[in-house]
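Shown next, in structure tokens, is the structure this report addresses.
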Amino acid sequence: MKLIAESSLRTRDISMDSLDPSYRRATLNMALTTLTAEKVLQQLPAGISKDQVSFVVATHFGEVSSTLEFLNTYYETQTPRPILFQNSLHNSTLGFASIQLGMTGPGMTISCDSETVKSAHEAGRHLLTLTPYVLISIVDCVPEELTGHYLEKFPFLGEHLNQATSYLFART
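Read in order, the letters of the sequence shown are residues 90 to 261 in the working numbering.
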């Protein structure tokens, strides 16, 4: 795999309220993934269509904020809100970014605890047998009040927590 482009963005570097209205229901994972992916896709050679790019979204824990909101709402109201649960899934980040970016190539999500990043790159290598390019986005955002707890319990998250990094690779 040959690295074409890389882009990172931290949660503290964006204001969700200042984003395009199409991001109105986006989570931080969705927004950061889409913004960093959009930046690296600008480096695609002219004439390459989005169906020639595979897309891997990797996250150690998924949509923690949405899951927490779902559980809190359920506890407080005794009513499950399906939209909150739906947004807690790993696939929702991939789906949101794919729609926003017009991605039509193969897509997959990865979540393998401390092996997430390695597994995402392995999946990307395999997807390069299907498409000439692969976009890999690593994203993990948690509520600010949980950041210290996550870093204490999962020290391997240090370089990934509360940020997204997207990479565009080409076949070699």
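Here a beta-carbon is modelled for each residue, glycine too, at the ideal position from N, C-alpha and C. Note that this is a predicted model, so its numbers are computed, not measured.
How about residue i and residue j: do their beta carbons lie closer than 8 Å?
| i | j | result |
| --- | --- | --- |
| Gln131 | Tyr222 | no |
| Ser183 | Val206 | In the sequence as displayed, the identity of residue 183 is Leu instead of Ser. The answer is no: Cβ separation not under 8 Å. |
| Met90 | Gly194 | no |
| Leu224 | Glu127 | no |
| Phe258 | Leu108 | no |
| Ala186 | Val129 | no |
| Val231 | Leu250 | yes |
I need the straight-line Cα distance from residue i to residue j, nearest angstrom please.
| i | j | result |
| --- | --- | --- |
| Ser177 | Met197 | Its pLDDT being 47, under 50, Ser177 is placed unreliably by the model, and the measurement read from it follows with that caveat. So the alpha carbons of these two residues sit roughly 16 Å apart. |
| Ser200 | Ile188 | 21 Å |
| Arg101 | Tyr256 | 20 Å |
| Arg260 | Leu98 | 25 Å |
| Asp229 | Met192 | 21 Å |
| Thr148 | Gly136 | 31 Å |
| Pro279 | Lys242 | The question about residue 279 has no answer here: the residues shown for the chain are numbered 90 through 261. |
| Ser181 | Met119 | 8 Å |
| Gly247 | Pro110 | 31 Å |
| Thr123 | Gln167 | 33 Å |
| Phe245 | Glu233 | 18 Å |
| Ile103 | His215 | 33 Å |
| Ser203 | Gly237 | 17 Å |
| Lys139 | Leu219 | 13 Å |
| Leu117 | Glu211 | 25 Å |
What residue does the beta strand (DSSP E) around residue i start on, and which one ends it?
| i | result |
| --- | --- |
| Leu117 | Where Leu117 is concerned, there is no enclosing beta strand (DSSP E), although the alpha helix (DSSP H) it sits in stretches over 117-130. |
| Leu92 | 91-99 |
| Gln252 | 252-259 |
| Ala147 | 142-147 |
| Val228 | 222-229 |
| Met105 | Looking at the DSSP string, Met105 is not in any beta strand (DSSP E), and its letter there is neither H nor E. |
| Ile137 | Per DSSP, Ile137 belongs to no beta strand (DSSP E) and is neither H nor E. |
| Met197 | 196-199 |
Rounded to whole angstroms, how far is the Cβ of residue i from the Cβ of residue j, which I believe are closer than 8 Å?
| i | j | result |
| --- | --- | --- |
| Thr125 | Ser96 | 4 Å |
| Ala209 | Leu121 | That belief does not hold up - the Cβ atoms of Ala209 and Leu121 are roughly 15 Å apart, past 8 Å. |
How far does the alpha helix (DSSP H) with residue i in it reach, from first residue to last?
| i | result |
| --- | --- |
| Gly213 | 205-216 |
Would you say residue i faces chain B, with C-beta separation under 8 Å as the test?
| i | result |
| --- | --- |
| Gln141 | The structure shown contains no chain B; it is built from a single protein chain. |
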